[in-house]
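>
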Amino acid sequence: MPSNSTGLADRSLAVLRKDVLCEFRTRYAINAILLFGITTLTVVSFSVGQKNLPPEVYAALYWVIIFFSAMSGLAHVFVREEESKTSTILKLTADATPVYLGKLGYNLLLLILLQIAIAPLFLTLTDAVLTDPALFIILLILGTVGLAGATTIIAAIISKASVKGALFAVLSFPILLPLLIGLISATTKAFSESGGGLGGASSELQLLVSYGVVMITASIMLFEYVWEG
Amino acid sequence: MILKALLFIVMTWTIIAAFVFPAPQQAIGDASRIFYFHIPQAWVAVLAYVVSMAASIRYLRKRQPVDDDRARVSAALGLLFSVLATVTGSVFAKVTWQSFWNWDPRQTSILILLLIYGAYFALRSAVSGYQRRARLAAVYAVFAFLAVPFLVFVIPRVLPSLHPSDSIIDSSGRFTMSGMTAMVFGCSLAAFTGLFVWMYTLRLRICGLERTGFEE
Amino acid sequence: MAMTSNYTVLAVTLIIWVGIFVYLVMLDRKTKKLEEKK
Chain A
-15 MPSNSTGLAD RSLAVLRKDV LCEFRTRYAI NAILLFGITT LTVVSFSVGQ
35 KNLPPEVYAA LYWVIIFFSA MSGLAHVFVR EEESKTSTIL KLTADATPVY
85 LGKLGYNLLL LILLQIAIAP LFLTLTDAVL TDPALFIILL ILGTVGLAGA
135 TTIIAAIISK ASVKGALFAV LSFPILLPLL IGLISATTKA FSESGGGLGG
185 ASSELQLLVS YGVVMITASI MLFEYVWEG
Chain B
217 MILKALLFIV MTWTIIAAFV FPAPQQAIGD ASRIFYFHIP QAWVAVLAYV
267 VSMAASIRYL RKRQPVDDDR ARVSAALGLL FSVLATVTGS VFAKVTWQSF
317 WNWDPRQTSI LILLLIYGAY FALRSAVSGY QRRARLAAVY AVFAFLAVPF
367 LVFVIPRVLP SLHPSDSIID SSGRFTMSGM TAMVFGCSLA AFTGLFVWMY
417 TLRLRICGLE RTGFEE
Chain C
633 MAMTSNYTVL AVTLIIWVGI FVYLVMLDRK TKKLEEKK
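Keeping their order, the protein sequence lines are chains A, B and C.
Read in order, the letters of the first sequence correspond to residues -15 to 213 in the numbering used here.
Read in order, the letters of the second sequence correspond to residues 217 to 432 in the numbering used here.
Read in order, the letters of the third sequence correspond to residues 633 to 670 in the numbering used here.
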């Protein structure tokens, strides 16, 4: 049993560290996610790059790229455990919540790296005009938290399934739809002239913040039921 | 027996009244009659989900197989009724606003419900092992439900940029419903709820039989 | 839209409903019989 003298944060960080180190050796997930993102971005910019499109379109395109890249890479954090059969050992050596938080942190890192790579490229390769950089950055952060928060537990669920396929996307999409709608709506404001700054997007921001909080809290509470099997 | 006869009478009466009495919304004419069927279907779809989620929570706590049956049966009915609600809703949208789909928040929320049900069954069919399947499906049912209220809050924000759609029906339909319209609507609501309850209990009884085994 | 009269739609709907109802009643009876056998 894990010793109770190490705090929750320490144990979570230990899980996170383990995953980052494993990832560093093979670089599988980060490659998959970046490759997907950059390929999609290239296709988008190739077909749409020079035209002057309304801001909603750019906003939608950006989050479509991020969403699908996330779908290709975020399940990895649990699926790898199952496939390399290390999940049983992990279950024996750690409690549910530190495992979840560690894996959540891992997915957050993946998404942050993705955004760092994609966002500047997106802005340069397309004609999107960033009128409100502060809002945009906040949205990137909230989007990352929301995406990782909602999908990490889904990743755990599907890692136990015997037929994975498109299950991750199928299960995640309905849950992510409100997040995506909010993100796209707010990003539109960040790309358009009359956005109104942070205040103009205040209702979206409230939605996004509460979404992240609710999803992560619910995940923490439900995770042990997924993990025990 | 009496209850089923009652259900038959109420539903039959509702159907007749829906088509014979004057249309509820004169501005739109006959198309508004669908409102008698569409809203109760959507209501049952949501009710089925609440039942399913409650059974899922129970299952996670007590691990009784019957709760998993309840969750599954209710979800199947919910899927049926949300398909009905989505279809009748888009037929209505086509007639009234000339397009089958326009991402109106309420349309989107019934679509999400439909997608959640579909995902629920996709998950069930992908997991082997009875207890694991029940457990994971239960977690998903509870977790997925959290997404729906967010769409309810999307409505106030997105509404300025979308044309007001259901608001025409709901605010003016609900509160200025004439006595006759309200009566037919109430009957329809009762009839569809009764239908759900009957189908639910019937299906559950069959599951119980399958579980304990029987020879035909 | 198609100009079928209200009464046509009414008749069709009633037929569908009666069909569903009869099916459910038969299923109910069959289930009850199996339950009693146990």
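Just so you know, even glycine gets a beta-carbon here, dropped at the ideal spot from N, CA and C.
Looking at the secondary structure, which residues open and close the alpha helix (DSSP H) in which ARG421 (chain B) lies?
Position 205 of the second sequence, counted from the first residue, corresponds to residue 421 (chain B). Its alpha helix (DSSP H) spans residues 395 to 428.
> Between the C-alpha atoms of THR115 (chain A) and GLU177 (chain A), what's the straight-line distance to the nearest angstrom?
Translated into positions along the first sequence, residue 115 (chain A) becomes position 131. Translated into positions along the first sequence, residue 177 (chain A) becomes position 193. If you take the alpha carbons of THR115 (chain A) and GLU177 (chain A), they lie about 6 Å apart.
> Could you tell me the distance, in whole angstroms, from the CA atom of ILE168 (chain A) to the CA atom of ARG421 (chain B)?
For the purposes of this step, residue 168 (chain A) is identified with residue 184 of the first sequence, where counting begins at 1. For the purposes of this step, residue 421 (chain B) is identified with residue 205 of the second sequence, where counting begins at 1. So the two alpha carbons sit approximately 46 Å from each other.
> For a contact meaning CB atoms closer than 7 Å, what does ILE332 (chain B) contact in chain A?
Taking the second sequence and counting its residues from 1, one reaches residue 332 (chain B) at position 116. Residues of chain A passing the Cβ test: PRO158.
> Where does the unbroken alpha helix (DSSP H) through ASN15 (chain A) begin, and where does it stop?
To locate residue 15 (chain A), count along the first sequence from 1; it is residue 31. Start and end: 12 to 32.
> Between the segment 97 to 107 of chain A and the segment 151 to 167 of chain A, are three or more C-beta pairs nearer than 8 Å?
no
> From SER298 (chain B) to VAL654 (chain C), what does the alpha carbon distance come to, in whole angstroms?
Within the second sequence, numbered from 1, the residue matching residue 298 (chain B) stands at position 82. Within the third sequence, numbered from 1, the residue matching residue 654 (chain C) stands at position 22. Spanning the two alpha carbons is a distance of roughly 23 Å.
> Residues of chain C with CB closer than 8 Å to the CB of ILE232 (chain B), please, in chain order.
Taking the second sequence and counting its residues from 1, one reaches residue 232 (chain B) at position 16. The contacting residues are LEU642 and LEU646.
> Report the residues of the segment 265 to 282 of chain B with a CB closer than 9 Å to any CB of chain C, ordered along the chain.
Contacts with chain C (Cβ-Cβ distance below 9 Å) from the segment 265 to 282 of chain B involve no residue at all.
> Can you confirm whether the segment 405 to 412 of chain B touches the segment 256 to 263 of chain B when touching is taken to mean that 3 or more C-beta pairs between the two stretches lie within less than 8 Å?
yes
> Anyone know if the C-beta pair for PHE30 (chain A) and VAL113 (chain A) falls short of 8 Å?
The count along the first sequence starts at 1 and reaches residue 30 (chain A) at position 46. The count along the first sequence starts at 1 and reaches residue 113 (chain A) at position 129. No, the Cβ-Cβ distance between PHE30 (chain A) and VAL113 (chain A) is not below 8 Å.
> What runs of the alpha helix (DSSP H), each 4 residues or longer, lie entirely inside the segment 35 to 85 of chain A?
39 to 57, 60 to 67 and 71 to 77
> Taking the Cβ atom as the reference point for each residue, do LEU339 (chain B) and ALA145 (chain A) lie within a distance shorter than 8 Å?
For the purposes of this step, residue 339 (chain B) is taken as the residue at position 123 of the second sequence. For the purposes of this step, residue 145 (chain A) is taken as the residue at position 161 of the first sequence. In contact: LEU339 (chain B) and ALA145 (chain A) (Cβ atoms closer than 8 Å).
> With the cut-off set at 8 Å, would you say GLY130 (chain A) and ASP3 (chain A) are in Cβ contact?
For the purposes of this step, residue 130 (chain A) is identified with residue 146 of the first sequence, where counting begins at 1. For the purposes of this step, residue 3 (chain A) is identified with residue 19 of the first sequence, where counting begins at 1. In this structure, ASP3 (chain A) does not lie closer than 8 Å to GLY130 (chain A) by Cβ.
> Should GLU667 (chain C) be flagged as near chain B, meaning a C-beta pair shorter than 8 Å?
Taking the first residue of the third sequence as position 1, residue 667 (chain C) is located at position 35. It does; some Cβ of chain B falls within 8 Å.
> Name the residues in the segment 336 to 357 of chain B whose C-beta lies less than 7 Å from a C-beta of chain A; which are they?
ALA338, LEU339, ALA342, VAL343, SER344, ARG348, ARG351, LEU352, VAL355 and TYR356
> Buried or exposed: which applies to GLU426 (chain B), given that a residue is buried once 16 or more other Cβ atoms fall within 10 Å of its Cβ?
Walking along the second sequence from the start, residue 426 (chain B) turns up at place 210. Under this definition GLU426 (chain B) is an exposed residue.
> Specify the secondary structure class of VAL650 (chain C) as computed by DSSP and reduced to three states.
Your numbering for residue 650 (chain C) matches position 18 in the third sequence. Correct three-state label for VAL650 (chain C): helix.
> Looking at LYS669 (chain C) and the ligand HEM, is the gap between the Cβ and the nearest heavy atom below 7 Å?
The ligand content of the structure shown is nil, which means the ligand HEM is not present either.
> Which whole-angstrom value describes the C-beta separation of ASN91 (chain A) and ALA140 (chain A), a residue pair presumed to lie in contact below a C-beta threshold of 8 Å?
In the first sequence, the residue the question calls residue 91 (chain A) occupies position 107. In the first sequence, the residue the question calls residue 140 (chain A) occupies position 156. Between ALA140 (chain A) and ASN91 (chain A) the Cβ distance is about 11 Å, and since that is not below 8 Å, they are no contact.
> Residues of chain A with a CB under 8 Å from the CB of LEU362 (chain B): which are they?
To locate residue 362 (chain B), count along the second sequence from 1; it is residue 146. Here the neighbours are ILE159, VAL198, MET199 and ALA202.
> Could you list the residues in the segment 296 to 313 of chain B with a C-beta less than 9 Å from some C-beta on chain C, going in chain order?
LYS310 and VAL311
> Measure the Cβ-Cβ separation of THR24 (chain A) and ILE49 (chain A) and say whether it is below 8 Å.
Taking the first sequence and counting its residues from 1, the one referred to as residue 24 (chain A) is at position 40. Taking the first sequence and counting its residues from 1, the one referred to as residue 49 (chain A) is at position 65. The answer is yes: Cβ separation under 8 Å.
> Are there 16 or more other CB atoms within 10 angstroms of the CB of PRO104 (chain A), so buried, or fewer, so exposed?
The residue given as residue 104 (chain A) occupies position 120 in the first sequence. Per the 10 Å Cβ criterion, exposed.
> Say whether chain A places a C-beta atom closer than 8 Å to the C-beta of ILE328 (chain B).
Taking the second sequence and counting its residues from 1, one reaches residue 328 (chain B) at position 112. Output row for ILE328 (chain B): interface = yes.
> In the DSSP assignment, the alpha helix (DSSP H) including THR304 (chain B) goes from what residue to what residue?
Counting from 1 along the second sequence, the entry for residue 304 (chain B) is found at position 88. Note, THR304 (chain B): alpha helix (DSSP H), 281 to 313.
> Residues in the same chain with beta-carbon distance under 6 Å from GLU431 (chain B), minus the five sequence neighbours each way, listed in chain order, please.
Here residue 431 (chain B) refers to the residue found at position 215 of the second sequence. A caution first: GLU431 (chain B) carries a pLDDT of 49, below 50, which makes its placement in the model too unreliable to give a value.
> Run through chain C and tell me which residues come within less than 7 Å of TRP414 (chain B), C-beta to C-beta.
Numbered from its first residue, the second sequence carries residue 414 (chain B) at position 198. Those are LEU656, listed as they occur along chain C.
> Under 8 Å between beta-carbons, which chain C residues line up against ASP246 (chain B)? List them in chain order, please.
Here residue 246 (chain B) corresponds to residue number 30 of the second sequence, with the count starting at 1. Within chain C, the residues near ASP246 (chain B) are ASN638.
> Quick check on VAL197 (chain A): does DSSP put it in helix, strand or coil?
Taking the first residue of the first sequence as 1, we reach residue 197 (chain A) at position 213. Helix.
> Distance cutoff 8 Å, beta carbons only. Does LEU367 (chain B) sit that close to anything in chain A?
Your numbering for residue 367 (chain B) matches position 151 in the second sequence. Answer yes: the Cβ-Cβ gap between LEU367 (chain B) and chain A drops below 8 Å somewhere.
> Express the C-alpha separation of LEU642 (chain C) and PHE408 (chain B) in angstroms, rounding to a whole number.
Stepping through the second sequence from its first residue, residue 408 (chain B) is reached at position 192. Stepping through the third sequence from its first residue, residue 642 (chain C) is reached at position 10. If I take the Cα positions, the gap works out to 17 Å.
> Classify VAL272 (chain A) as helix, strand or coil using the three-state DSSP reduction.
Residue 272 (chain A) is absent from the structure shown; chain A starts at -15 and stops at 213.
> Please list the residues of the segment 48 to 75 of chain A that have a C-beta atom closer than 7 Å to any C-beta atom in chain B, keeping them in chain order.
Residues: none.
> Run through the segment 100 to 146 of chain A for me and flag every whole alpha helix (DSSP H) of 4 or more residues, listed as ranges in chain order.
117 to 143
> Quick one: using the 10 Å Cβ neighbour count with 16 as the cut-off for buried, is GLN280 (chain B) buried or exposed?
Counting from one through the second sequence, the residue named residue 280 (chain B) turns up at place 64. Looking at its Cβ environment, which holds fewer than 16 other Cβ atoms inside 10 Å, GLN280 (chain B) is exposed.
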